[in-house]
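Protein chains in written order, with my numbering: chain U, 1 to 541; chain Y, 1 to 541.
Built from N, CA and C at the ideal position, the CB exists for glycine as well.
As the structure is a computational prediction, the values presented were derived from the model and not from experiment.
Number of protein chains: 2
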Amino acid sequence: MGFDVGAHLVRLGIVSSTSDHASVVSINIFVALLCSCIVIGHLLEENRWMNESITALIIGLCTGVVILLTTKGKSSHILVFSEDLFFIYLLPPIIFNAGFQVKKKQFFRNFMTIILFGAIGTMISFFIISLGAIEIFKRIDVGSLDVGDFLAIGAIFSATDSVCTLQVLNQDETPFLYSLVFGEGVVNDATSVVLFNALQDFDINHVDAITVLKFVGNFFYLFLTSTFLGVFAGLLCAYIIKKLYIGRHSTDREVALMILMAYLSYMLAELLDLSGILTVFFCGIVMSHYAWHNVTESSRITTKHVFATMSFIAETFLFLYVGMDALDIEKWKFTSDSPGNSIGVSSILLGLVLVGRAAFVFPLSFLSNLTKRSPEEKINFRKQIIIWWAGLMRGAVSIALAYNKFTRSGHTQLRGNAIMITSTITVVLFSTMVFGLLTKPLIRLLLPASSRNCVISEPTTPKSLLSPLLGPEQGGWEAETGGHSITRPSSLRMLLTKPSRTVHYYWRKFDDAFMRPVFGGRGFVPHVPGSPHEDTLNGWR
Amino acid sequence: MGFDVGAHLVRLGIVSSTSDHASVVSINIFVALLCSCIVIGHLLEENRWMNESITALIIGLCTGVVILLTTKGKSSHILVFSEDLFFIYLLPPIIFNAGFQVKKKQFFRNFMTIILFGAIGTMISFFIISLGAIEIFKRIDVGSLDVGDFLAIGAIFSATDSVCTLQVLNQDETPFLYSLVFGEGVVNDATSVVLFNALQDFDINHVDAITVLKFVGNFFYLFLTSTFLGVFAGLLCAYIIKKLYIGRHSTDREVALMILMAYLSYMLAELLDLSGILTVFFCGIVMSHYAWHNVTESSRITTKHVFATMSFIAETFLFLYVGMDALDIEKWKFTSDSPGNSIGVSSILLGLVLVGRAAFVFPLSFLSNLTKRSPEEKINFRKQIIIWWAGLMRGAVSIALAYNKFTRSGHTQLRGNAIMITSTITVVLFSTMVFGLLTKPLIRLLLPASSRNCVISEPTTPKSLLSPLLGPEQGGWEAETGGHSITRPSSLRMLLTKPSRTVHYYWRKFDDAFMRPVFGGRGFVPHVPGSPHEDTLNGWR
Chain U
1 MGFDVGAHLV
11 RLGIVSSTSD
21 HASVVSINIF
31 VALLCSCIVI
41 GHLLEENRWM
51 NESITALIIG
61 LCTGVVILLT
71 TKGKSSHILV
81 FSEDLFFIYL
91 LPPIIFNAGF
101 QVKKKQFFRN
111 FMTIILFGAI
121 GTMISFFIIS
131 LGAIEIFKRI
141 DVGSLDVGDF
151 LAIGAIFSAT
161 DSVCTLQVLN
171 QDETPFLYSL
181 VFGEGVVNDA
191 TSVVLFNALQ
201 DFDINHVDAI
211 TVLKFVGNFF
221 YLFLTSTFLG
231 VFAGLLCAYI
241 IKKLYIGRHS
251 TDREVALMIL
261 MAYLSYMLAE
271 LLDLSGILTV
281 FFCGIVMSHY
291 AWHNVTESSR
301 ITTKHVFATM
311 SFIAETFLFL
321 YVGMDALDIE
331 KWKFTSDSPG
341 NSIGVSSILL
351 GLVLVGRAAF
361 VFPLSFLSNL
371 TKRSPEEKIN
381 FRKQIIIWWA
391 GLMRGAVSIA
401 LAYNKFTRSG
411 HTQLRGNAIM
421 ITSTITVVLF
431 STMVFGLLTK
441 PLIRLLLPAS
451 SRNCVISEPT
461 TPKSLLSPLL
471 GPEQGGWEAE
481 TGGHSITRPS
491 SLRMLLTKPS
501 RTVHYYWRKF
511 DDAFMRPVFG
521 GRGFVPHVPG
531 SPHEDTLNGW
541 R
Chain Y
1 MGFDVGAHLV
11 RLGIVSSTSD
21 HASVVSINIF
31 VALLCSCIVI
41 GHLLEENRWM
51 NESITALIIG
61 LCTGVVILLT
71 TKGKSSHILV
81 FSEDLFFIYL
91 LPPIIFNAGF
101 QVKKKQFFRN
111 FMTIILFGAI
121 GTMISFFIIS
131 LGAIEIFKRI
141 DVGSLDVGDF
151 LAIGAIFSAT
161 DSVCTLQVLN
171 QDETPFLYSL
181 VFGEGVVNDA
191 TSVVLFNALQ
201 DFDINHVDAI
211 TVLKFVGNFF
221 YLFLTSTFLG
231 VFAGLLCAYI
241 IKKLYIGRHS
251 TDREVALMIL
261 MAYLSYMLAE
271 LLDLSGILTV
281 FFCGIVMSHY
291 AWHNVTESSR
301 ITTKHVFATM
311 SFIAETFLFL
321 YVGMDALDIE
331 KWKFTSDSPG
341 NSIGVSSILL
351 GLVLVGRAAF
361 VFPLSFLSNL
371 TKRSPEEKIN
381 FRKQIIIWWA
391 GLMRGAVSIA
401 LAYNKFTRSG
411 HTQLRGNAIM
421 ITSTITVVLF
431 STMVFGLLTK
441 PLIRLLLPAS
451 SRNCVISEPT
461 TPKSLLSPLL
471 GPEQGGWEAE
481 TGGHSITRPS
491 SLRMLLTKPS
501 RTVHYYWRKF
511 DDAFMRPVFG
521 GRGFVPHVPG
531 SPHEDTLNGW
541 R
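If you want it as structure tokens, here you go:
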């Protein structure tokens with residue numbers, strides 16, 4: 001009768017006709033694994049070593065083994081890592097939620113230290129890893145890699161993975177460390193964009209003051225435009241909700257609008273070659289400060305949880321994905337003849353990551369401490385160790401970058417590229433598992449419970465909002481004072497502490513007088529108890 | 001210096017390297033349009049004609065025009081309709097939310113009428129449209145189409161679009177009509193799967209009783225397995241949440257688990273060649289009956305709104321998409337030499353849809369009425385007209401099916417296929433706009449407010465849960481009674497009304513004695529006020 005399949009296959013096997021059967025199978029496997037990750041993660045929550053990301057990573061690895069065994073070592077195509085999936089769908093909800101739930105007071109109090117770590121720190125790390133790789137890899141046989149490849153290695157391994165940080169540091173237990181390390185991860189996204197732009201027309205023979213100035217200028221331009229875009233999107237959303245929905249609220253529309261506007265800000269930033277991560281992070285901050293107060297109580301509860309849920313699913317998905325992808329047989333094929341080399345390269349890279357991070361955490365903490373008055377505000381040595389340690393993890397961002405660099409246009413066939421890919425995977429797995437597992441115990445060891453509580457009950461008046469800025473910029477006077485224990489002149493102290501107080505005071509005045517009447521926010525809509533981080537919001541206004 | 005782009009492009013233009021720049025642009029356009037749809041839809045909410053889907057459709061059309069003009073009639077590739085996107089991502093949240101928020105009492109009270117309409121009705125419509133198309137298209141020049149194509153046309157245009165129904169019928173205003181027309185749309189998904197299976201090995205020369213019985217058997221098998229899968233997924237989710245999370249709740253995990261389990265049920269149904277729509281619909285019903293009562297109060301509010309929001313975004317996206325896609329220039333190229341033909345075909349198809357639906361709504365309503373005792377329970381003529389009218393819309397499902405049938409393997413080049421595609425688009429646009437716009441006024445005209453309120457305040461004891469089943473099955477006695485106004489013998493009445501009462505009574509007993517203690521649910525977890533459709537849940541238990 002010749003009734004050609006077509007028309008009803010869509011309904012029948014639905015996807016079997018339009019996409020292939022394999023993708024339905026893999027979606028099923030993935031969703032089922034996500035469910036099991038959630039359940040197992042919940043059961044292991046009380047465990048002092050584990051966290052959800054490691055659970056997901058291990059489940060992913062086990063599934064990879066099972067798939068390898070059932071397909072007799074042939075499978076690799078179901079689980080190809082896709083940068084699109086990562087950067088378009090998984091990363092935005094994670095970063096947005098981090099901005100939305102971040103303790104704004106902590107974040108802005110340490111703002112300049114965060115910029116310092118994220119910008120200068122990443123640069124230092126980048127140069128150490130790049131130069132180290134050039135020097136060391138020269139001596140062992142790793143296939144053909146040019147200078148561009150080495151600089152790429154530096155860029156891939158210098159960036160802290162903000163998603164990993166979210167997993168190992170607890171915002172409620174160690175708010176200061178969390179805001180510092182996570183904030184650094186957000187800021188260094190902008191750094192790496194600038195870094196790449198600079199390197200594109202970088203000539204090693206013409207490094208002069210203008211190049212450096214241009215570089216610094218570019219960084220600030222990118223940082224400011226990205227931030228501005230995020231703030232603008234957040235304010236626009238707050239304004240729309242406040243103006244349109246007055247007296248006639250619709251929870252579903254409000255929630256949808258917030259989600260879509262946040263996503264739009266991220267995608268716009270990508271379109272304009274800005275840093276999407278910075279943009280969506282600031283969009284989250286602004287939305288939680290204004291828009292969140294303009295919506296119904298139901299919307300408030302819903303948004304708070306739905307952003308966290310989306311972020312939670314994306315994170316779990318990501319680690320599961322990395323775990324499953326790690327065992328992809330194709331990548332290991334080219335390195336199997338020289339396993340010693342791959343292990344060697346991985347160890348060297350891990351060592352460089354350790355050194356590169358140490359090389360900026362300790363000096364920059366010292367600089368930052370110089371600008372702090374009271375001993376409680378200083379980053380003591382124990383905290384410095386935790387900052388160093390907690391930022392060592394390399395995650396999905398590194399894998400995505402490595403794939404993008406070393407697998408394009410079929411270059412995986414080259415031995416050098418294959419070794420780099422497998423080494424990146426090894427470094428990511430090792431750092432996430434080992435550093436990740438040890439972070440919780442390390443914090444417990446270095447910061448006793450009393451000290452951690454002390455961190456929470458810090459004085460609530462933000463004092464050093466801008467003071468760290470003066471530290472590194474006025475590079476001259478550190479040489480004079482020599483160490484952070486020397487009492488600095490009180491006139492200097494005034495200079496350092498007053499601006500931040502002033503800035504905060506005027507910000508509150510400005511916020512109350514101009515921003516809140518237009519964009520809404522706490523106090524300009526009926527107060528609802530039980531808001532998230534109520535104290536924080538109080539602190540920042 | 002040769003620093004090859006690669007590594008940082010991911011971070012820089014992020015997607016520009018991995019996917020093409022165009023896709024970032026189109027994501028931006030889409031998200032921005034979605035935002036504007038939400039805002040404009042809110043502004044037009046009070047308008048008595050418009051609804052959100054038509055707003056989205058018009059905005060989509062306008063954007064299509066703008067894109068056509070700016071690209072000087074060349075653009076078509078940004079906006080290609082993808083069945084994958086539709087069936088894997090957009091449809092599941094819409095149907096799941098419908099199941100989750102459906103008034104269960106109404107739905108189960110009319111269960112057999114719904115099955116009747118969805119199964120037998122769709123069949124009748126399918127045959128009328130197929131045969132009509134064969135007869136009429138023979139006489140006009142529409143290119144080469146074989147019998148399979150005509151049967152496909154029947155299948156494409158016989159299915160009510162459940163998404164459209166959600167938009168024009170209001171569950172609170174006309175719960176009976178809503179549950180009937182929407183339920184029909186869900187059930188006829190199973191019908192079309194069976195229909196397709198049957199047609200695959202259908203031999204026109206060997207239609208006998210066994211073929212028909214096999215067909216009926218297949219339908220019930222598919223219906224029951226799909227339903228079972230959905231119910232199983234819902235119960236499993238309820239059980240997991242109840243067992244694992246006792247005493248230690250985590251809202252984010254609960255919400256994530258509910259979303260993922262529901263999606264898993266849909267994808268599993270697709271994998272097993274069942275009806276995913278039926279599965280996810282029943283999964284929603286079971287989740288709202290059990291799992292929803294096991295979670296924290298925050299989760300309850302969050303899930304209620306987040307499912308509605310996801311569904312809302314998916315619906316808006318869909319109509320926007322259809323609107324934008326309609327103006328794709330490539331499709332119209334082949335029909336531009338004979339515009340008269342295309343209009344003719346569209347009109348014929350529209351006429352067939354009208355006739356095909358009338359041919360089952362009125363007779364089947366008559367059958368259904370025969371089984372009802374009280375005049376209030378009967379589907380009066382005015383309601384029949386609304387049922388007929390509200391189910392006339394053809395939407396994205398039709399377009400997806402038409403694309404799948406007529407565009408595969410480059411067949412768009414054939415004139416017959418091109419005409420079918422453009423005609424489908426015309427029918428969809430016309431029916432959604434015209435029928436959609438007129439539905440609200442029609443309901444207002446035919447059902448005065450008092451009557452609509454009367455519908456809401458129907459007696460709360462479900463009486464006719466299974467009674468409509470006896471109507472069509474016991475085909476013998478309608479001939480005896482002749483019309484629905486004749487008083488039927490009381491013994492028959494007892495037969496008809498008792499089973500449903502008994503079923504409901506035993507269901508409640510069973511639910512309270514076995515299901516609720518295991519799976520949780522209302523009364524087995526502390527009562528929380530303000531649950532959605534509280535009365536409904538009360539009614540169903």
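- In terms of beta-carbon proximity, methionine 267 of chain Y lines the interface with chain U, with at least one pair separated by less than 7 Å.
- Here serine 192 of chain Y really is in contact with alanine 155 of chain Y; their C-beta atoms are around 6 Å apart, less than 8 Å.
- Rounded to whole angstroms, the separation of the alpha carbons of serine 311 of chain U and proline 93 of chain U is 5 Å.
- Sequence-distant partners of phenylalanine 519 of chain Y (beyond 5 residues in either direction) whose C-beta falls short of 7 Å from its own C-beta, in its chain, are Leu235, Ala238, Tyr239, Lys242 and Tyr290.
- CA-to-CA, the gap between aspartate 273 of chain U and alanine 233 of chain Y works out to about 44 Å.
- Taking a C-beta cut-off of 7 Å against chain U, the contacting residues of the region 248 to 259 of chain Y are Ser250, Thr251, Asp252, Arg253, Val255, Ala256 and Leu257, listed in chain order.
- For proline 175 of chain U, the number of other beta carbons within 10 angstroms of its own is at least 16, and it is reported as buried.
- Within the region 301 to 332 of chain Y, Ile301, Thr302, His305, Val306, Ala308, Thr309, Phe312 and Ile313 place their CB atoms closer than 7 Å to a CB of chain U, listed in sequence order.
- The criterion of a C-beta distance shorter than 7 Å is satisfied by leucine 34 of chain Y and leucine 260 of chain U.
- Taken atom to atom, the span from the alpha-carbon of isoleucine 38 of chain U to that of glutamate 270 of chain Y is near 23 Å.
- Taking a C-beta distance under 7 Å as the contact criterion, valine 31 of chain U and tyrosine 403 of chain Y do not qualify as a contact pair.
- Under the three-state reduction of DSSP output, arginine 522 of chain Y falls in the strand class.
- CA-CA distance, glutamine 171 of chain U to isoleucine 277 of chain U, rounds to 19 Å.
- Under the 7 Å criterion on CB atoms, tyrosine 290 of chain U is classed as non-interfacial with respect to chain Y.
- When only Cα atoms are considered, arginine 522 of chain U and histidine 293 of chain U end up about 6 Å apart.
- A direct Cα-to-Cα measurement between threonine 426 of chain Y and leucine 224 of chain Y gives close to 36 Å.
- Counting only runs of 3+ residues, no beta strand (DSSP E) is found wholly inside the region 280 to 325 of chain Y.
- Here lysine 138 of chain U is exposed. Its C-beta has fewer than 16 other C-beta atoms within 10 Å.
- In this structure, Y/Leu350 is the residue among Y/Val434, Y/Leu350 and Y/Ala314 with its C-alpha nearest to the C-alpha of isoleucine 136 of chain Y.
- Under the 8 Å Cβ criterion, the region 95 to 115 of chain Y does not count as touching the region 341 to 349 of chain Y, having fewer than three qualifying pairs.
- For the pair asparagine 97 of chain Y and alanine 308 of chain Y, the CB atoms are nearer than the 7 Å cut-off.
- Rounded to the nearest whole angstrom, the C-alpha separation of valine 25 of chain Y and tyrosine 89 of chain U is 15 Å.
- Here DSSP, grouped into helix, strand and coil, assigns aspartate 84 of chain U to helix.
- C-alpha of leucine 244 of chain Y to C-alpha of leucine 43 of chain U: approximately 8 Å in a straight line.
- Cβ-Cβ separation between glycine 118 of chain Y and asparagine 188 of chain Y: approximately 4 Å, consistent with a contact (criterion under 8 Å).
- Inter-segment contact for the region 122 to 129 of chain Y and the region 365 to 383 of chain Y is absent: fewer than three beta-carbon pairs are separated by less than 8 Å.
- For serine 298 of chain U, the chain Y residues whose Cβ falls inside 7 Å of its Cβ are Ile301 and His305, in order along the chain.
- With distances taken between CA atoms, alanine 133 of chain U lies nearest to U/Gly356 out of U/Leu401, U/Ala513 and U/Gly356.
- Taking the C-beta atoms as reference points, cysteine 164 of chain U is found no nearer than 7 Å to glycine 416 of chain U.
- Taking C-beta atoms as the reference points, valine 231 of chain U and serine 299 of chain U fail to come closer than 7 Å.
- Proximity of tyrosine 506 of chain U to chain Y, defined by a Cβ-Cβ separation below 7 Å, is not satisfied.
- Taken through DSSP and simplified to helix, strand or coil, serine 179 of chain Y comes out as helix.
- Your pair glycine 436 of chain U and serine 53 of chain U checks out as a contact, with CB atoms roughly 7 Å apart and the cut at 8 Å.
- Residue state for methionine 50 of chain U is assigned as coil, using DSSP reduced to three classes.
- Not a single CB atom of chain U sits nearer than 7 Å to the CB of cysteine 62 of chain Y.
- By the Cβ neighbour-count rule, phenylalanine 317 of chain Y is buried, with 16 or more other Cβ atoms within 10 Å of its own.
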